[in-house]
Every structure is written in structure tokens, then in C-alpha cells.
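Participant:
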Amino acid sequence: MRGVHTRRSFTLSGAALSAAGVASCAAGAFATNPRFAPVIAARERIIRIDVGLRPFRPSGFRVAREVRGAKTIIHNYGHGGGGLTLSWGTSALALDEGFDPAQRDYAVLGCGAVGLATARLLQERGAKVRLYAKALPPNTTSNVAGAQWWPASVYDHDRVSDAYLAQHFAAARAAFRRCQTMVGPDYGIGWEVNYNLSDRPITTYPAPEASPMRALVVNQHDLAPQEHPFAAPYVRRFDTMMIETPRYLRRMEADVRLAGGEIVVREFRAFEEVAALPETTIFNCTGLGAGALFGDPEITPVRGQLAILLPQAEVDYNIISSHGYMFGRADGIVLGGTFERGEWSLEPDPAAIDRIVRSHQAVFDAMRWPRPRDTAS
Ligand SMILES: Cc1cc2nc3c(=O)[nH]c(=O)nc-3n(C[C@H](O)[C@H](O)[C@H](O)COP(=O)(O)OP(=O)(O)OC[C@H]3O[C@@H](n4cnc5c(N)ncnc54)[C@H](O)[C@@H]3O)c2cc1C
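Residues in the sequence shown are numbered from 35 upward in steps of one, following my numbering.
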């Protein structure tokens with residue numbers, strides 16, 4: 035996230051400087067990231083373990099209007115592993131379903147990335163918003179997200195309709211534009227380079243050539259072996275935005291309040307409690323909670339476990355591989371990659387965490403790049 039954090043323009047120590055010099059002689063080649071620095075993936079550098087439940091629906095997120103008695107419910111939930119990415123886009127679609135310029139008062143249920151984006155879009159159109167949620171940031175799933183700007187693991191390919199895919203692409207396009215307006219330190223959004231390491235030719239990630247999503251992949255290049263330091267036969271690089279979730283959600287919540295939004299901490303245990311709200315139009319952004327509250331049997335958790343390591347200012351890239359992912363965020367090195375469908379427990383599994391750390395350690399140990407370890411310890 036170089037655009038966000040100037041502290042990342044670090045000064046190399048003498049040893050590191052000579053190491054970097056060796057590297058640039060060895061391969062003018064690694065020009066794609068001349069400041070490449072390895073992650074120190076060691077257990078003793080873990081600062082916390084996060085466990086989160088992705089709100090997954092095999093047929094994709096649900097943006098739909100439903101009339102229940104005297105209430106109009108606008109659903110906007112079920113974003114799987116892409117809610118930070120898609121939130122502004124699905125919220126724009128949700129407003130298309132339920133915003134009426136003649137109506138002033140709206141309720142939003144949920145204070146994660148999706149509820150907050152919905153509330154802001156309503157406020158931008160002059161609406162008065164009351165947001166209800168049982169948990170606020172930092173205690174939401176949205177805080178746990180990685181959070182690379184890319185809608186990954188949002189649906190099952192064999193379960194989606196053409197109509198859904200059209201919605202998905204429309205949401206992604208809108209969100210892509212909106213997030214770009216928020217790049218910078220205020221929201222903790224910045225651009226970062228990703229390296230996808232693979233044993234096989236890369237054809238589908240981040241997007242197949244024929245997919246409309248390909249238009250949202252920036253600066254994609256398949257690298258020759260001399261152009262990267264990884265011990266992988268196939269390496270693709272591309273750039274994405276990254277979202278530093280604690281900073282982003284804190285700022286979004288403040289924006290909602292500054293624009294006159296009221297935030298009420300309240301849990302709804304049954305739809306009847308929602309039906310008793312004073313607002314007649316209610317945006318449902320309750321993520322995984324929508325299953326029990328609105329009776330959606332399709333939504334299921336996909337548990338993800340993350341080991342967050344001490345920040346390394348010099349690590350300004352991401353790696354995605356069969357071992358999971360490493361996101362070089364300014365507030366910590368995020369090591370992740372478990373996708374446990376149907377698993378509700380928020381208890382970390384020490385064996386899984388151990389596997390995540392050790393497999394990433396192996397990736398960095400195998401790098402051919404001279405390693406300025408002394409800059410990060
Ligand atoms: C490990 C992990 C990594 C991820 N990585 C990425 C990534 O790289 N990129 C990306 O885009 N996404 C990522 N995600 C997915 C992302 O976190 C989710 O898609 C997103 O957080 C969903 O946002 P949300 O606002 O719908 O849900 P939440 O953040 O869960 O918010 C739901 C809100 O509804 C409230 N609520 C729920 N039920 C009730 C109720 N009954 N009564 C009152 N309030 C209720 C909650 O308290 C909360 O305020 C990741 C997720 C995990 C777990």
C-alpha cells in the first residue's frame with residue numbers, strides 16, 4: 035500500500051543495501067519490484083489470530099426487494115469472501131431496488147462493510163438513516179477480512195445464473211470506481227502488487243481472459259523465471275487495491291455519524307422485532323445473521339483463520355499460492371487461506387495456524403532473492 039503509508043519508503047541498512055545491490059546485478063530482471071523483501075514467517079512474530087465466518091451463498095450474494103406485511107425489506111447480504119470488495123457496488127444496486135426520493139427515513143440493519151456503505155449511499159441522496167446492529171466495528175466479520183480488493187470465493191460456479199453474474203459484474207464495476215476515490219490514508223485504501231504462484235499455467239485467477247471481470251484486473255503480466263525470485267514454475271503479477279480494515283471501518287462509521295446517522299446497538303432475534311421498527315423501508319445488511327433472521331437456508335459460514343504477524347514496513351506486496359495468501363498490510367502481515375465450509379466455530383485451530391505459518395515460511399525460504407532480514411527484525 036505504498037500510496038498510503040509513506041513510512042514504507044524505508045531506509046535500507048548497510049547490509050541490506052549491499053544485498054539489494056547484488057540482487058539488481060543478478061537480475062535487472064526483478065524490475066517488477068526492485069525493493070522485494072521477504073516476509074519473516076515465524077510463529078514468535080504472531081501478534082494475533084483472527085477467525086471469521088464468510089457469509090457464503092452458493093448462488094451468490096442476494097440483492098432483492100421483498101415486501102413483508104407493512105415493511106419493504108431490501109436484502110443486501112451473502113457476500114462470501116468478497117464483501118469488502120463488493121460493498122459499495124451491491125449497496126448501489128440495493129438503492130436501485132429501494133430508494134424513493136419522496137421518502138426520508140430508512141433503517142439499515144448491520145454495521146459491517148455492507149451496512150456502512152448502504153448507509154452512506156442513502157445519506158448521499160439526502161436520506162435520514164438509523165442503523166441497527168448487534169455488533170459494531172471492530173467486532174464485525176468485516177474487520178477480519180484480508181482485505182484484498184477482489185471478489186474471490188463469492189459463489190459456486192455451477193450454481194450461479196446469468197442474471198446473477200450480470201449483477202455481480204455491475205456491482206464489481208461500481209465498487210471498483212468508488213473505492214478508487216477513497217485511496218489514501220483517510221480510509222486506509224491503497225494499491226499493492228500481487229504475485230500468484232502456481233505449479234500450472236495460470237488461466238483463471240484473478241479472471242479468465244473472456245470474463246468481464248478481466249477489465250478490472252490491472253497491470254497483469256505473466257513473469258519469466260528471471261523476472262521474479264520465487265521457486266514456482268508459473269508466476270503472474272497484477273495490482274489490486276488493499277483495504278486496511280480497522281482504519282477503513284472506523285472511518286466509515288464516523289462518516290455515517292457525521293452525516294447525521296444514528297447508530298443503535300441492538301440484536302434482532304426474530305423478524306417480528308424487525309417488523310416493529312418505525313421505518314417502513316429496511317435495508318438488510320446482516321451478513322451471516324440474515325440466515326436466521328430472514329429464513330434463508332442457503333447462507334452458510336465459510337470459516338477463515340488468519341495469523342497476523344508483526345508489520346514489516348518493507349513488505350509492500352501480496353502472495354497468493356496453493357498455501358493460502360500473504361497480504362503485506364501496513365498494520366500487520368496477514369497470513370491466511372483456510373476456507374472451511376459449514377464450520378461455525380470461532381475458536382482457532384492451532385494445527386491450521388501452524389500449517390499456515392510453516393507453509394509460508396517455506397515459500398520465503400525458497401526465494402532466490404538476497405534477503406535483507408536485518409531491516410525487519
Ligand atoms: C478470513 C477472511 C478473509 C476475508 N478476506 C476478504 C478479502 O480479502 N476481500 C474481501 O472483499 N472480503 C474478504 N472477506 C469477506 C468479508 O469479510 C465479508 O464478505 C464481509 O465482511 C461481509 O460484510 P457484511 O457487512 O455483510 O457482514 P458483517 O461484517 O458480518 O456485518 C454484519 C452486521 O450485521 C449485524 N447483525 C447480524 N445479525 C444481526 C441480528 N440478528 N441483529 C442485529 N444485527 C445483526 C452484525 O452485528 C454486523 O454489524 C474475508 C472474510 C474472512 C472471514
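Just so it is clear, CB atoms sit at the ideal spot from N, CA and C, and this is done for glycine as well.
1) For Gly146 and Arg207, what's the separation of their Cα atoms in angstroms?
2) Return yes when the Cβ of Arg285 is within less than 9 angstroms of the Cβ of Gln220, no when it is not.
3) Grab the span of the alpha helix (DSSP H) containing Tyr282 for me, first residue to last.
4) Give a yes or no on contact between the segment 306 to 325 and the segment 190 to 203, applying the rule of three or more CB pairs nearer than 8 angstroms.
5) On the criterion of 16 or more Cβ atoms from any shown chain inside 10 Å, does Pro263 qualify as buried, or is it exposed?
6) Shorter than 8 angstroms, the distance from the beta carbon of Trp384 to the closest heavy atom of ligand 1, or not?
7) Taking only three categories from DSSP, how would you classify Tyr198?
8) Does Ser176 come out as helix, strand or coil in the three-state DSSP assignment?
9) Given that a residue counts as buried once 16 or more other Cβ atoms are within 10 Å of its Cβ, and exposed if not, what is Asp350?
10) At the level of alpha carbons, what is the spacing between Gly48 and Glu348?
11) Tell me the DSSP secondary structure of Ser43 in three-state form.
12) Quick check: is any heavy atom of ligand 1 less than 8 angstroms from the C-beta of Arg303?
13) What beta strand (DSSP E) runs, 3 residues minimum, are completely inside the segment 341 to 375?
14) According to DSSP, is Pro259 part of a helix, a strand, or is it coil?
15) Please work out which residues of its chain come closer than 6 angstroms, Cβ to Cβ, to Leu120, disregarding the five sequence neighbours upstream and downstream, and give them in chain order.
16) Would you call the segment 238 to 257 and the segment 322 to 340 in contact, with 3 or more CB pairs under 8 angstroms?
17) CB Val290 to CB Ile297, shorter than 9 angstroms?
18) Leaving out the 5 sequence neighbours to the left and right, which residues in its chain are closer than 6 angstroms to Arg77 when beta-carbon positions are compared?
19) DSSP puts Gln182 in a beta bridge; with which residues?
20) Short check: CB of Gly86 to CB of Arg375, under 9 angstroms?
21) State the Cα-Cα distance for the pair Leu292 and Gly370, rounded to the nearest angstrom.
22) Within this structure, are the beta carbons of Val163 and Ala153 separated by less than 9 angstroms?
23) Put Glu158 into one of helix, strand or coil per three-state DSSP.
Facilitator: The answer reads as follows:
1) As a working mapping, residue 146 is identified with position 112 in the sequence shown. As a working mapping, residue 207 is identified with position 173 in the sequence shown. Rounded to whole angstroms, Gly146 to Arg207 spans 21 angstroms at the Cα level.
2) Residue numbering aside, residue 220 sits at position 186 when the sequence shown is read from its first letter. Residue numbering aside, residue 285 sits at position 251 when the sequence shown is read from its first letter. In the sequence under discussion, the amino acid at residue 220 is Asp, which differs from the Gln named in the question. Taking C-beta atoms as the reference points, Asp220 and Arg285 count as a pair closer than 9 angstroms.
3) Mapped onto the sequence shown, residue 282 falls at position 248. Judged by DSSP secondary structure, Tyr282 falls within the alpha helix (DSSP H) whose first and last residues are Thr279 to Leu292.
4) Touching, no.
5) Reading the sequence shown from its first residue, position 229 is the one you call residue 263. So Pro263 counts as buried.
6) As a first step, residue 384 must be located in the sequence shown, where it is residue number 350. Checking the sequence, you will find Pro at residue 384 rather than Trp. The beta carbon of Pro384 sits no closer than 8 angstroms to any heavy atom of ligand 1.
7) In the sequence shown, counting from the first residue as 1, residue 198 sits at position 164. Looking at Tyr198 - three-state DSSP - the assignment turns out to be helix.
8) Mapped onto the sequence shown, residue 176 falls at position 142. Here Ser176 sits in helix by DSSP.
9) Counting from one through the sequence shown, the residue named residue 350 turns up at place 316. Burial call: buried.
10) Along the sequence shown, read from residue 1 onward, the residue named residue 48 stands at position 14. Along the sequence shown, read from residue 1 onward, the residue named residue 348 stands at position 314. Model confidence at Gly48 stands at a pLDDT of 31, short of 50, so the residue's coordinates are unreliable and nothing is read from them.
11) Translated into the one-based positions of the sequence shown, residue 43 becomes position 9. Residue placement at Ser43 cannot be trusted, given a pLDDT of 31 that sits under 50; what the coordinates show is reported in the next sentence. Three-state DSSP puts Ser43 in coil, outside helix and strand.
12) Here residue 303 refers to the residue found at position 269 when the sequence shown is read from its first residue. In this structure, ligand 1 has a non-hydrogen atom nearer than 8 angstroms to the beta-carbon of Arg303.
13) 351 to 355, 358 to 363 and 366 to 370, all fully within the segment 341 to 375.
14) Counted from its first residue, the sequence shown places residue 259 at position 225. Helix.
15) Mapped onto the sequence shown, residue 120 falls at position 86. Excluding residues within five positions, the ones whose Cβ falls inside 6 angstroms are His113, Pro185, Ala205 and Ala209.
16) Contact fails: fewer than three Cβ-Cβ distances are below 8 angstroms.
17) Here residue 290 refers to the residue found at position 256 when the sequence shown is read from its first residue. Here residue 297 refers to the residue found at position 263 when the sequence shown is read from its first residue. Yes; because the gap between Cβ atoms is below 9 angstroms, this pair is in contact.
18) In the sequence shown, the residue the question calls residue 77 occupies position 43. Within the same chain, Arg77 has close Cβ partners Val391.
19) Reading the sequence shown from its first residue, position 148 is the one you call residue 182. Per DSSP, Met276.
20) If you number the sequence shown from 1, residue 86 lands on position 52. If you number the sequence shown from 1, residue 375 lands on position 341. Their beta carbons are not under 9 angstroms apart, which means Gly86 does not touch Arg375 by this criterion.
21) On the sequence shown, residue 292 is found 258 positions in, with the first residue counted as 1. On the sequence shown, residue 370 is found 336 positions in, with the first residue counted as 1. Leu292 and Gly370: Cα-Cα distance of roughly 34 angstroms.
22) Residue 163 sits at position 129 when you count from the first residue of the sequence shown. Residue 153 sits at position 119 when you count from the first residue of the sequence shown. Yes; because the gap between Cβ atoms is below 9 angstroms, this pair is in contact.
23) The residue given as residue 158 occupies position 124 in the sequence shown. DSSP places Glu158 within a helical segment (H, G or I) once states are collapsed to three.
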